[in-house]
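One structure is given here, and the rest of the page talks about it.
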Amino acid sequence: MESVTPLRWWTAGDSHGPFLMGVLEGLPAGWTIRLDKAQEFLAERSAGFGRSHRQKWEKDKVEVHGGVYKGKTTGAPLLLLLENAGEKEPLADACWVARPGHGDLSGFLRTGQPPEAQAERGSARESAMRTALGGVASALLEDLGEIEIESWSLSIGAVHTTGKNQNPSANSLRWPDSSTEALAIDAIKMAGREGTTLGGSVQIEARGLPGGWGESSQPADRLSVLLGGALLSIPSVRAVSLGKGLTQASMKGSGAHDDPLGEGNMAGGIEGGRTNGKPIRATLWAKPISTQRTPLPSVNLQTGQSIPAPHLRSDVCVVGAIGVIAKALTGLVLAQAGASFLGGGHWEAWKERYEAHRDATPDWLP
């Protein structure tokens, strides 16, 4: 019986080191690899009104260093590399002042190292590699069955969209509402003048998925758990809701669940840890990033003395970038579910199994 290798991924490298590396294991052999989606995601991640000046010179270009032969995957782990334009030497004297909201304090309590050492892996720069890996995974899903993943901003600060009447990818905030786009930009400008930052919320939607993807024999393997964990791993994201999760909490059970033959999607496309054939929908809420020009009160980790936090280069708003990272991670998780369902082996075998499963879907499902 053929052994099934689950799809897994890792990243390595420091934010200010020479490069970031990523490994994607479990891809089928013989797939004509597409880096265009990875490059597209990286460009989108760096864009966005309210981003720091680092994005002007941080032009990521993904490189393949393993797992591909003459443009096709070999079945071996895919190895990607991103060079860091921001490589720098460590400070001569370590700064021991913690930045509130970062991993400085918790990292110090765990390892005894200064904030600068904690920041190399705690920095949002690491998400660039996961964005690239997610771009490859999303391209795989597109080629497999025209599975599409989209994200857009729902709110920035106190400004909320009133609907979706424009392509969110057409502007740097991933803002889908032309009637309130200027208000969102003005809010970011005002926050920048005040020396503070803004958070917001993001919507994710994945369409074209067949039903039945995902595992449920162990609770931790459920698609809802894997997706929620991946989205919560994005720096600044503090909450995730699937479907109408928050709304359902205040509803009666008689009206809080989907009719399998209806068009409603309270569950957000996932029931019992598996896809139910409807679009996957998730909402993310992100806090304002804590590094800002007006320093927050903090502490010297060596002396316990109260002291203002240091100001480093910082963004005013990263909600648009979070939307890009979120759709990349959604692609990784869904590709993982697909690999588990379709098994290992060759790309053509994946396609055959996928089509067979789609053909076996009951005709009475909408």
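So the mapping is simple: the working numbering equals the position in the sequence shown, first residue as 1, plus 12.
Cβ atoms here follow ideal geometry from the backbone N, Cα and C, with glycine treated the same way.
### Query
In chain order, what residues of the same chain lie with their CB nearer than 7 Å to the CB of Met278, ignoring the 5 residues before and after it?
Cβ within range, chain order: Gly255, Lys256, Gln260, Ala268, His269 and Asp270.
### Query
Tell me which same chain residues have a C-beta within less than 8 Å of the C-beta of Asp371, skipping the five on either side of it?
Excluding residues within five positions, none has a Cβ falling inside 8 Å.
### Message
Along the chain, where does the alpha helix (DSSP H) containing Ala196 start, and where does it finish?
### Response
Note, Ala196: alpha helix (DSSP H), Glu193 to Glu206.
### Beta-carbon proximity of Phe353 to Trp187, cut-off 7 Å
Result no, Cβ atoms of Phe353 and Trp187 do not sit closer than 7 Å.
### Query
Are the Cβ atoms of Ala149 and Gly355 separated by less than 7 Å?
Contact: no.
#### Entry: Rounded straight-line distance, which links the Cα of His369 to that of Ala110
If I take the Cα positions, the gap works out to 53 Å.
### Task
Consult DSSP for Thr373 and reduce its assignment to one of helix, strand or coil.
The three-state reading of DSSP puts Thr373 in coil, since its state is none of H, G, I, E or B.
### Task
With Phe120 as the anchor, note down where its alpha helix (DSSP H) starts and where it stops.
Counting along the chain, the alpha helix (DSSP H) containing Phe120 begins and ends at Asp116 to Thr123.
### Message
Which residues does DSSP list as the beta-bridge partners of Asn312?
### Response
According to the DSSP secondary-structure assignment, Asn312 is paired through a beta bridge with Val109.
### Task
Use the C-beta contact count for Gln230: other C-beta atoms within 10 angstroms, 16 or more gives buried, fewer gives exposed.
It counts as exposed.
### Query
Out of Ser184, Glu162, Glu160 and Asp189, which has the shortest C-alpha to C-alpha gap to His172?
Among Ser184, Glu162, Glu160 and Asp189, the Cα nearest to that of His172 belongs to Asp189.
### Task
Please go through the same chain and pick out, in chain order, the residues whose beta-carbon is closer than 6 Å to the beta-carbon of Gln215, but skip the five residues on each side of it.
The residues are Trp164, Leu166 and Thr295.
### Message
Between which residues of its own chain and Leu308 is the CB-CB distance below 6 Å, once the five residues before and five after are set aside?
### Response
Taken in chain order, the residues that qualify are Pro112 and Ala321.
### Query
Could you give the distance in angstroms between the alpha-carbon of Met13 and the alpha-carbon of Ala136?
Here Met13 scores only 36 on pLDDT, less than 50, and its place in the model should not be relied on; the value that follows carries that caveat. About 42 Å.
### Query
Taking three-plus beta-carbon pairs below 8 Å as touching, is the stretch 50-59 in contact with the stretch 323-341?
Contact between the stretch 50-59 and the stretch 323-341 is present: three or more C-beta pairs spanning the two stretches fall below 8 Å.
### Assigned exposure category for Val331 - 16 Cβ within 10 Å defines buried
Counting C-beta atoms within 10 angstroms of its own C-beta, Val331 has 16 or more neighbours from the protein chains shown and is therefore classed as buried.
### Task
State the DSSP-derived secondary structure class of Leu333, mapped to helix, strand or coil.
Checking the displayed sequence, the identity of residue 333 turns out to be Ala instead of Leu. Correct three-state label for Ala333: helix.
### Query
Three or more C-beta pairs closer than 8 Å, one from the stretch 199-210 and one from the stretch 230-249: is that the case here?
Not touching, per the Cβ criterion.
### Message
Measuring straight from C-alpha to C-alpha, what distance separates Ile159 and Ile292?
### Response
If you take the alpha carbons of Ile159 and Ile292, they lie about 11 Å apart.
### Query
Who are the near neighbours of Ala196 in its chain, counting only those whose CB is closer than 7 Å to its CB and skipping five residues on each side?
Exclusion of the five residues before and after Ala196 leaves Ile168, Val171, Leu185 and Trp187 as the residues of its chain whose Cβ lies within less than 7 Å of its Cβ.
### Message
If contacts are defined as beta-carbon pairs under 8 Å, then Asn96 and Leu36 qualify, I think. What distance do you get, rounded to the angstrom?
### Response
In fact, because the Cβ distance is near 20 Å, the residues do not count as touching under 8 Å.
### Query
If you draw a straight line from the C-alpha of Gly357 to the C-alpha of Gly87, how long is it?
In a straight line, the C-alpha of Gly357 is about 8 Å away from that of Gly87.
### Message
Among Ala340, Leu273 and Tyr366, whose alpha-carbon lies nearest the alpha-carbon of Asp375?
### Response
Proximity to Asp375 across Ala340, Leu273 and Tyr366 peaks at Leu273, based on C-alpha coordinates.
### Helix, strand or coil at Gly350 according to DSSP, with G and I counted as helix
In this structure, DSSP gives Gly350 a helical state, which the three-state scheme calls helix.
### Message
I'd like the list of long-range same chain contacts for Gln317, defined as Cβ closer than 8 Å, with 5 residues on each side in sequence excluded.
### Response
The residues are Val311.
### Query
Going by other Cβ atoms of all chains shown within 10 Å of its Cβ, with 16 needed for buried, is Asn183 buried or exposed?
Buried: at least 16 other Cβ atoms inside 10 Å.
### Task
Please state whether DSSP places Met266 in a helix, a strand or coil.
As written in the sequence, residue 266 is Ser, which differs from the Met given in the question. Of the three classes helix, strand and coil, the one that applies to Ser266 here is helix, per DSSP.
### Query
When the distance is taken between beta carbons, is Lys290 closer than 7 Å to Gly281?
Yes, they are a contact pair.
### Query
Which residue from Ile45, Ala340 and His28 puts its Cα closest to that of Glu217?
Comparing C-alpha distances from Glu217 to each of Ile45, Ala340 and His28 shows the shortest one belongs to Ala340.
#### Entry: Coarse secondary structure for Arg46, derived from DSSP in three states
Arg46 falls in the coil class under three-state DSSP.
#### Entry: Per-residue DSSP class, three states only, for Leu92
DSSP, reduced to helix, strand and coil, places Leu92 within a strand of the structure shown.
### Message
Report the CB separation of Trp108 from Gln304 in whole angstroms; it is logged as a contact under 8 Å.
### Response
Actually they do not touch by this definition, with Cβ atoms about 20 Å apart.
#### Entry: Extent of the continuous alpha helix (DSSP H) run through Pro127
For Pro127, the enclosing alpha helix (DSSP H) covers residues Pro127 to Gly134.
### Trp22 at chain C interface by Cβ criterion, 7 Å
Given the protein chain composition of this structure (a single chain), no chain C is represented.
### Task
Indicate the three-state DSSP secondary structure (helix, strand or coil) for Met13 in the structure shown.
Unreliable placement is indicated for Met13, whose pLDDT of 36 sits below 50; the coordinate value is still reported in the next sentence. Coil at Met13, not helix or strand.
### Query
Straight-line CA distance for Ala232 to Gly83?
Counting only the Cα atoms, Gly83 lies some 35 Å from Ala232.
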